[in-house]
Amino acid sequence: MLAFTGAARPRSAGALRAAAEQLGCDIAAIEAVIDVEAAGFGFDHAGRPKMLFEPHIFWQNLSGAERDAAAQEDLAYPAWKPDYPPDSYPRLYKALQINEDAALNSCSWGLPQILGENHMPAGYTTPQTMVAAFCDGEDEQIAAMARFICAKGLNVYLQTQNWAAFARGYNGPAYARNAYDQKLAAAYARHAGNADSDVTPAAPGPVASSPTAPTGNAPSALQSLIAAVLAIVIRTLGQAFMRWLRSSKR
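Under the UniProt record's numbering, think of the first position of the sequence shown as 1, with each following residue one higher.
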């Protein structure tokens, strides 16, 4: 059975900067996501990747006798319920005995809280390899988050701080139920004033045509590109002004 322990290295400034450059956003946007998803920490008190086992996802990933066995153990049910235990690992250990792949795929992992079933857009061939990498350190978790966001075409929403569109694509259409967009906006505001959050963004990324990308009132690709360029110009001018203001006080 998997041990879920590894080096558990804390994140580095270099990993945050590399992810920001890949996504074309500032570091504050990445810090906002990991604050909201995992309270800013990728590991629990035992040095294991932060993890949330989702019984309704486990239900979807099983069938037949395996689903029946999981349901009897209250490990799987057809609809989402809010009653999560303080520690999801005991549930996971039981689920692993029924179907390892389905169990790992049914958990959200680490700083980005990426579902195991999204291991491929996160850059891994199996959920096992993703979880093993997440056990090594937060830098690996951040790199996976950047790959996942790019694969889903959500980076443009980080560039423009369109938190509603990002939350819809990252957390699903029910994001407003938990006020994800408002929490992201508040977390971004906390981090945006830090000098360490400055980064020179890359060119704005495209909006993915994948059916999993945000839909509905999301902006068109041209509108997103224009908004992203304007946001970059405004942010760059603002950062330059703040640096000038700090230097003028010396």
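Note that CB positions come from ideal geometry on N, CA and C, so glycine has one too. Computed from a prediction, not measured in an experiment: that's the story for all the values here.
- Taken in chain order, the complete beta strand (DSSP E) segments of 3 or more residues contained in the region 104-157 are 107-109.
- Contact between the region 100-119 and the region 141-151 is present, with at least three C-beta pairs closer than 8 Å.
- In the structure shown, the three-state DSSP call for residue 49 is strand.
- Here residue 25 is near residue 158, since their CB atoms are less than 8 Å apart.
- Taking a C-beta distance under 8 Å as the contact criterion, residue 49 and residue 40 do not qualify as a contact pair.
- Under the DSSP assignment, residue 90 falls in the alpha helix (DSSP H) whose first and last residues are 89-96.
- Taking a contact to require three or more Cβ pairs closer than 8 Å, the region 95-112 and the region 67-79 qualify as touching.
- Using a C-beta cut-off of 8 Å, the region 185-193 makes no contact with the region 53-60, since fewer than three inter-stretch Cβ pairs fall below that distance.
- Remark: fewer than three beta-carbon pairs, one from each stretch, lie closer than 8 Å, so the region 14-32 and the region 59-66 are not flagged as touching.
- Boundaries of the alpha helix (DSSP H) harbouring residue 29: 27-38, taken from the DSSP string.
- Less than 8 Å divides the Cβ of residue 112 from the Cβ of residue 37.
- A Cβ-Cβ distance of about 6 Å is found for the pair residue 135 and residue 4, placing them in contact under the 8 Å criterion.
- In this structure residue 192 does not touch residue 181 by the C-beta definition: roughly 16 Å separates them, more than the 8 Å allowed.
- Using a Cβ distance threshold of 8 Å, residue 58 and residue 102 count as a contacting pair.
- DSSP lists 137 as the bridge partner or partners of residue 9.
- Classified as exposed, residue 177 has fewer than 16 neighbouring CB atoms from the shown chains inside 10 Å of its CB.
- In the DSSP assignment, residue 43 forms a beta bridge with 49.
- The DSSP-derived three-state label of residue 59 is helix.
- Pairing residue 173 with residue 153, the inter-Cα distance amounts to about 16 Å.
- A distance below 8 Å between beta-carbons, with the five flanking residues on each side excluded, links residue 161 to the following residues of its chain, in chain order: 29, 185, 188, 231.
- For residue 189, the enclosing alpha helix (DSSP H) begins and ends at 180-192.
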